[in-house]
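Protein chains in written order, with my numbering: chain A, 103 to 213; chain B, 42 to 155.
Given below as structure tokens:
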């Protein structure tokens with residue numbers, strides 16, 4: 103069954119604004135990963151954050167992890183039209199990439 | 042090696058027919074995963090291999106589904122006696138065995154059962 107649940111499900115923002123998505127999960131994890139998927143395409147890995155990490159950055163992306171609340175957030179700063187995509191969080195319980203995905207966040211960036 | 046390759050990209054089949062998909066992982070990766078994704082949902086885990094050994098199968102993988110990775114390189118996923126409910130995107134991913142390493146996904150095979 104799917105473990106991650108993203109909130110909000112759909113987000114529409116103007117180019118240049120920041121976009122924040124949250125993900126909650128139910129059980130203890132080894133790591134949590136965020137992926138992006140453009141319509142009808144495969145998934146692209148964005149960031150992996152380990153259970154003993156609290157924050158991680160990659161370019162315009164910032165991910166936080168709060169294991170006490172079993173939640174994570176993905177922040178995209180200074181969004182661009184090319185950021186329009188679905189964003190998924192996925193939990194890895196044992197560090198073996200056997201991932202449990204949430205339902206995803208549809209983000210639309212309006213030029 | 043430019044990434045994980047899946048073939049075919051699209052497959053339309055009649056209900057009751059058998060279909061087979063192929064996945065070529067990144068050559069250095071010893072782990073290979075299959076996921077299924079239906080419209081509006083996140084991918085769901087089906088099975089994974091470490092080299093040629095199939096280490097886990099999801100309950101989603103009914104007896105009509107079989108996956109192989111005979112030489113520890115490419116993998117095939119076969120669906121026998123397809124049903125309309127099998128229509129989905131089938132995604133393959135690969136990774137190193139080491140913990141906390143990212144998985145790389147292919148573009149997927151979209152199956153439509155008519």
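All C-beta atoms, glycine included, are put in the ideal place defined by N, C-alpha and C.
Note that the structure is a prediction, hence the values are computed from the model and not measured.
Which residues bound the beta strand (DSSP E) around residue i?
i: residue 158/A; result: 157-160
i: residue 74/B; result: 72-78
i: residue 209/A; result: 207-212
i: residue 105/B; result: Where residue 105/B is concerned, there is no enclosing beta strand (DSSP E), given that its DSSP letter is neither H nor E.
i: residue 53/B; result: 51-54
i: residue 226/A; result: The question about residue 226/A has no answer, for chain A in this structure spans 103 to 213.
i: residue 90/B; result: 85-91
i: residue 95/B; result: 94-98
i: residue 48/B; result: 46-48
i: residue 62/B; result: 60-65
Does residue i pass the burial test, meaning 16 or more other C-beta atoms within 10 Å, or should it be called exposed?
i: residue 101/B; result: exposed
i: residue 104/A; result: Residue placement at residue 104/A cannot be trusted, given a pLDDT of 45 that sits under 50; the coordinates are not used to answer.
i: residue 212/A; result: exposed
i: residue 127/B; result: buried
i: residue 206/A; result: buried
i: residue 140/B; result: exposed
i: residue 198/A; result: buried
i: residue 105/B; result: exposed
i: residue 132/B; result: buried
i: residue 144/B; result: buried
i: residue 47/B; result: buried
Does any CB atom of chain B fall closer than 8 Å to the CB of residue i?
i: residue 205/A; result: yes
i: residue 202/A; result: yes
i: residue 161/A; result: no
i: residue 118/A; result: no
i: residue 154/A; result: no
i: residue 143/A; result: yes
i: residue 176/A; result: no
i: residue 167/A; result: no
i: residue 79/A; result: Coverage of chain A is limited to positions 103 through 213, which leaves residue 79/A absent and any answer about it impossible.
i: residue 124/A; result: no
i: residue 104/A; result: Note that residue 104/A scores 45 on pLDDT, short of 50, meaning its location in the model is unreliable and no value can be drawn from it.
i: residue 140/A; result: no
Any beta carbon of chain A sitting closer than 8 Å to that of residue i?
i: residue 136/B; result: yes
i: residue 72/B; result: yes
i: residue 84/B; result: yes
i: residue 148/B; result: yes
i: residue 131/B; result: no
i: residue 93/B; result: no
i: residue 69/B; result: no
i: residue 109/B; result: no
i: residue 97/B; result: yes
Cβ of residue i within 7 Å of any heavy atom in the ligand MG?
i: residue 77/B; result: The ligand MG is not among the ligands present in this structure, which contains no ligands whatsoever.
Identify the contact partners of residue i in chain D, using a Cβ-Cβ distance below 7 Å as the criterion.
i: residue 150/A; result: Protein chains in the displayed structure are A and B, and chain D is not among them.
request  = Go through the segment 118-154 of chain B residue by residue and report every complete run of the beta strand (DSSP E) that reaches 3 residues or more, in order.
outcome  = 129-136, 150-154
inquiry  = Going residue by residue through the segment 107-184 of chain A, where are the continuous beta strand (DSSP E) segments of at least 3 residues, counting only ones entirely within it?
reply    = 107-109, 112-116, 121-126, 133-139, 145-152, 157-160, 163-168, 173-178
query = Would you call the segment 55-67 of chain B and the segment 184-194 of chain A in contact, with 3 or more CB pairs under 8 Å?
reply = no
inquiry  = With three or more C-beta pairs closer than 8 Å as the rule, is the segment 55-64 of chain B touching the segment 112-130 of chain B?
reply    = yes
task = Spell out a yes or no on whether the segment 167-174 of chain A and the segment 121-137 of chain A are touching, meaning 3 or more CB-CB pairs, one atom from each, closer than 8 Å.
result = yes
query = Are there three or more Cβ pairs, one per stretch, closer than 8 Å when the segment 128-141 of chain A is compared with the segment 175-188 of chain A?
reply = yes
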